[in-house]
Each structure stands twice: as structure tokens, then as C-alpha cells.
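The next block holds one structure in the form of C-alpha cells; read it before the comments.
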Amino acid sequence: MTLRKGEKMTISIQEHMAIDVCPGPIKPIKQISDYFPRFPRGLPAAVGRSSSGALRAPASPAEPPREDEEDVDQLFGAHAATPAEQPAKSQAPEELVDPEGYESDDCTALGTLDFSLLYDQENNALHCTINKAKGLKPMDHNGLADPYVKLHLLPGASKANKLRTKTLRNTLNPTWNETLTYYGITDEDMIRKTLRISVCDEDKFRHNEFIGETRIPLKKLKPNQTKNFNICLEKQLPIDKTEDKSLEERGRILISLKYSSQKQGLQVGILRCAHLAAMDANGYSDPYVKIYLKPDEDKKSKHKTAVKKKTLNPEFNEEFFYEIKHGDLAKKTLEVTVWDYDIGKSNDFIGGVVLGINAKGERLKHWFDCLKNKDKKIERWHTLTNELPGAVLSD
């Protein structure tokens, strides 16, 4: 083939392939899986071990071994382990962990919490004693944390039922030994409510950080029996936003009633409220209580407590007296309303309850027990409702 001056030599693809083809038989290219046989669950019984400890797959009867196939031991002979190391390596496939069966250990990552719960049925109180935590997850740059514990009752977690411990600085193994108490807890609450216990890290210059939590259905507790827990903390669980809004409450109020034979009148005690609805923009209320004994022809039965600032769990401990004959109480109704005090505008109605002969359930029973047991003070918790028949919802 002659080329003119300045002309480049061209080679067709056929000629190129012909040049690169090596004479002799074409051997199949080995795959990496040929050197490392896999078995899905352990080793089959048919797989044997050579005297050197290397794994050998059984020869298939349908395909006799090829003479030109390289021996795996010879191929990796340069990198083979010493006889002392080989038995340990030969057991490696048996120690492989199935990824699907692996479960992460949150105890190691988040820590554990030691606490106890006691439901005081007589006083309608739930006592939560937070003892200590161990092995908490480090949250700060120094490898430590500033942990505290907060409690919520579900459904209806809010500032109204939030309790918290003090903060302990620079520790992953804090000891609190604090008892936090929920008042106004009824047997119904113990059946349908859940206690959410969260451990958090306090930060002065940014938002506090969540470490872990646990949830205890209150139905697991027996009345008047302390139950101890030592539980692994879990990652944050979602709160059901679709819970029935009808279950939302306006709060609870603790009222005492006593008919005094000596003074010939009814003593009404407004002791405390719990879990009140928040009416102000800051997430709290400034609550006070008003009571009426109706029918009130002379408009003189109104009594008011003092205002408690910025709280959803106020303590009043105030008593009021109505001079009235015992026989006339059966015709009367005691109306109790809770309000949020506002400066410069109308006060907000939070909730109310009616006690009397026309009431139902615990409200009727409380009134009846007062009439039946003279000179005996009877305390009961009552649930506040957002509607109060017969009451004027303004102050």
C-alpha cells in the first residue's frame, strides 16, 4: 500500500480487531464471586475444608472441574495467613450478622432513666419520682450535657400539664431524686391517659435539645402501689394530631363542702385548680374563681377569690360562708366559674361546674354527701366544662 506525501495511514475496525486477537482458545473471564462463594444462611453440610483451612465449594456433578482453572489457594498464596491465623479466618463466614436481623440499641445511644410512679387514689394525685439517668447522649461540645426531665399527660400535652425537674450541669449520669405531682387525677384519667417523660439538654443561648423519652400508660399502675421503672430512652415519637378534640378539657377544680350545724350555714372551700386552659398569648392565664348560690334573689351570694398571676395550676385555699338553713340547701344550686383576669378588656371565661340536686355524677354525689354528713368537710375534684347553663358568661 503506497501513501502519498502528507497522507495519514488509516486502519479499518476489522483490521484493528484482527490485530488485537490473540491466537489460541479464548478462556472465560473469572468473576470475583468465583473466588468468594456465598451461602445465604450458614455453610451447607456439603462444603468441606481443606487441610490448609481454606473453604472449598463442592464440585457440581453436571460440570466437571476444568484442568485449566487456577487453584484458589495458589492464586492467593502470596497473601495467605500463617497456620496460626488460618483457623480464625476460616470461621469468619459463620460469624457474619444478618443485616435484617440487626436492631439498634437505643440504650447505648440515648441512655436509661430510673423513676417511680404512685397513684394516690384517695387524694386524686399522681406522684412521679425522678431518681436518676445513666449513660445519656452527649449534647455539648465538652462531651457532656445539662439534663433535665419534663413530664406531660397525653392526650392534651400543653403547658397546663407540664412539670419539670431542675437542671443538672455537665453530667451524663445525673441524679435528681425529685418528686413531681399531678393533682386532680381521676380513675378515668388512669384508664385513658399516658404519661410522657422526656429528657432534654438545657442551652442558655439557643433552644433546648431533646435527648430521649419514654411513655407509660397510666392503666399499668395499681392504686396506692408504687411502681419502679428503669427504662431505655427512645427517640422522639410523633404525637397524634388527629386525637378527638372533644377530649380537650378546660381544667379541674378542687372544692370542699361542709354544712356547719353550729354556724347554721354552708362553708365552700376553693382550694386549687389544675391543668387550666391557657387564655393569654404567653401560654398561661391569670385565673380567679367566682361562686354563686342560686337562686339568688338578693344578688348577694357572689364571692370571688384573689387573682393568681401567670399560672395554669393555681392554689387558692380560700373559704366562703353562706348562712342558710339545712333544709333549704336541697333547693339551691352552687355555681362555680373560673375566669382569666385581663387588664383593660373583658375577662375570659375558662370553665365552670354546677353542684346541686339537679346535677349528675360526681357533682350530684358531692352535694348529696354534704347534705347527708353535717359538720364533715368533703373534698372532691370536678372537671370544668366550657358551657355552664344558667350562668352569665361575663364579669
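Heads up, the sequence shown is in the numbering used here, so the first residue is -13 and it goes up one at a time.
Where a beta carbon is used, it is the ideal one built from N, C-alpha and C, also for glycine.
Task: Asp173 versus His127 - alpha carbon distance - done: In the sequence shown, the residue the question calls residue 173 occupies position 187. In the sequence shown, the residue the question calls residue 127 occupies position 141. Using only the alpha carbons, I get a separation of about 46 Å.
- [ ] For Pro203, count neighbouring Cβ atoms within 10 angstroms of its own Cβ and tell me buried if that reaches 16, exposed if not.
- [x] The sequence position of residue 203 within the sequence shown is 217, counting from 1. So Pro203 counts as exposed.
- [ ] Output the boundary residues of the alpha helix (DSSP H) element that contains Leu350.
- [x] Translated into the one-based positions of the sequence shown, residue 350 becomes position 364. Per DSSP, Leu350 belongs to the alpha helix (DSSP H) from Gly347 to Lys358.
Task: Pairwise C-alpha distance: Asp361 and Ile310 - done: Translated into the one-based positions of the sequence shown, residue 310 becomes position 324. Translated into the one-based positions of the sequence shown, residue 361 becomes position 375. Rounded to the nearest angstrom, the two C-alpha atoms are 14 Å apart.
- [ ] Provide the residue(s) that pair with Asp189 in DSSP beta bridges, ordered along the chain.
- [x] Counting from one through the sequence shown, the residue named residue 189 turns up at place 203. According to DSSP, which records beta bridges pairwise, Asp189 is partnered with nothing at all.
Open item on the list: Which complete beta strand (DSSP E) runs does the region 222 to 309 hold, if anything under 3 residues is left out?
Closed with: 238 to 246, 251 to 260, 273 to 280 and 301 to 309
Open item on the list: Counting C-beta neighbours from all protein chains within 10 Å, is the total for Ile239 16 or more, i.e. buried, or is it exposed?
Closed with: As a working note, residue 239 is residue 253 in the sequence shown. Classification of Ile239: buried, given that the 10 Å Cβ count is 16 or more.
Task: Beta-carbon contacts of Gln222 that lie in its chain and below 7 Å, excluding the five residues immediately before and after - done: Numbered from its first residue, the sequence shown carries residue 222 at position 236. For Gln222, where only same-chain residues beyond five positions count, the Cβ hits under 7 Å are Phe196 and Glu199.
Open item on the list: Does Arg201 come out as helix, strand or coil in the three-state DSSP assignment?
Closed with: For this step, residue 201 is matched to residue 215 along the sequence shown. If DSSP states are grouped into helix, strand and coil, Arg201 belongs with the strands.
Task: Residue from Lys120, Lys123 and Leu181 with nearest C-alpha to Leu149 - done: Against the sequence shown, residue 149 aligns to sequence position 163. The shortest C-alpha separation from Leu149 is found at Leu181.
- [ ] State the Cα-Cα distance for the pair Glu348 and His368, rounded to the nearest angstrom.
- [x] Indexing the sequence shown from 1 puts residue 348 at position 362. Indexing the sequence shown from 1 puts residue 368 at position 382. Between Glu348 and His368, the C-alpha separation is close to 7 Å.
Open item on the list: Could you compute how far the alpha carbon of Asn268 sits from the alpha carbon of Lys244?
Closed with: Here residue 268 corresponds to residue number 282 of the sequence shown, with the count starting at 1. Here residue 244 corresponds to residue number 258 of the sequence shown, with the count starting at 1. Their backbone Cα atoms lie some 37 Å apart in a straight line.
TODO: Return the CA-CA distance between Ser271 and His261, expressed in angstroms with no decimal places.
DONE: Sequence index remark: in the sequence shown, residue 271 carries index 285 (1-based). Sequence index remark: in the sequence shown, residue 261 carries index 275 (1-based). Rounded to the nearest angstrom, the two C-alpha atoms are 11 Å apart.
- [ ] Below 8 Å on the Cβ atoms is my guess for Val254 versus Phe306; work out the distance and round it to an integer in Å.
- [x] For the purposes of this step, residue 254 is taken as the residue at position 268 of the sequence shown. For the purposes of this step, residue 306 is taken as the residue at position 320 of the sequence shown. About 5 Å separates the two Cβ atoms, so the contact holds.
Open item on the list: Can you tell me whether Asn210 is buried or exposed? The criterion is at least 16 other CB atoms within 10 Å of its CB, across all chains shown.
Closed with: Reading the sequence shown from its first residue, position 224 is the one you call residue 210. Its Cβ having fewer than 16 others within 10 Å, Asn210 is exposed.
Task: Identity of the residue in Met176, Tyr274, Thr297 and Ile329 nearest Asn110 by Cα - done: As a position in the sequence shown, residue 110 is number 124, starting the count at 1. It is Met176 whose Cα lies nearest to the Cα of Asn110.
Open item on the list: Leu207 and Tyr134 - do their beta-carbons sit closer together than 7 Å?
Closed with: Along the sequence shown, one-based indexing puts residue 134 at 148. Along the sequence shown, one-based indexing puts residue 207 at 221. For Tyr134 and Leu207, no; Cβs fall outside 7 Å.
Open item on the list: The beta strand (DSSP E) that contains Ile217, what's its start and end?
Closed with: Reading the sequence shown from its first residue, position 231 is the one you call residue 217. Run containing Ile217: Lys213 to Cys218, per the beta strand (DSSP E) assignment.
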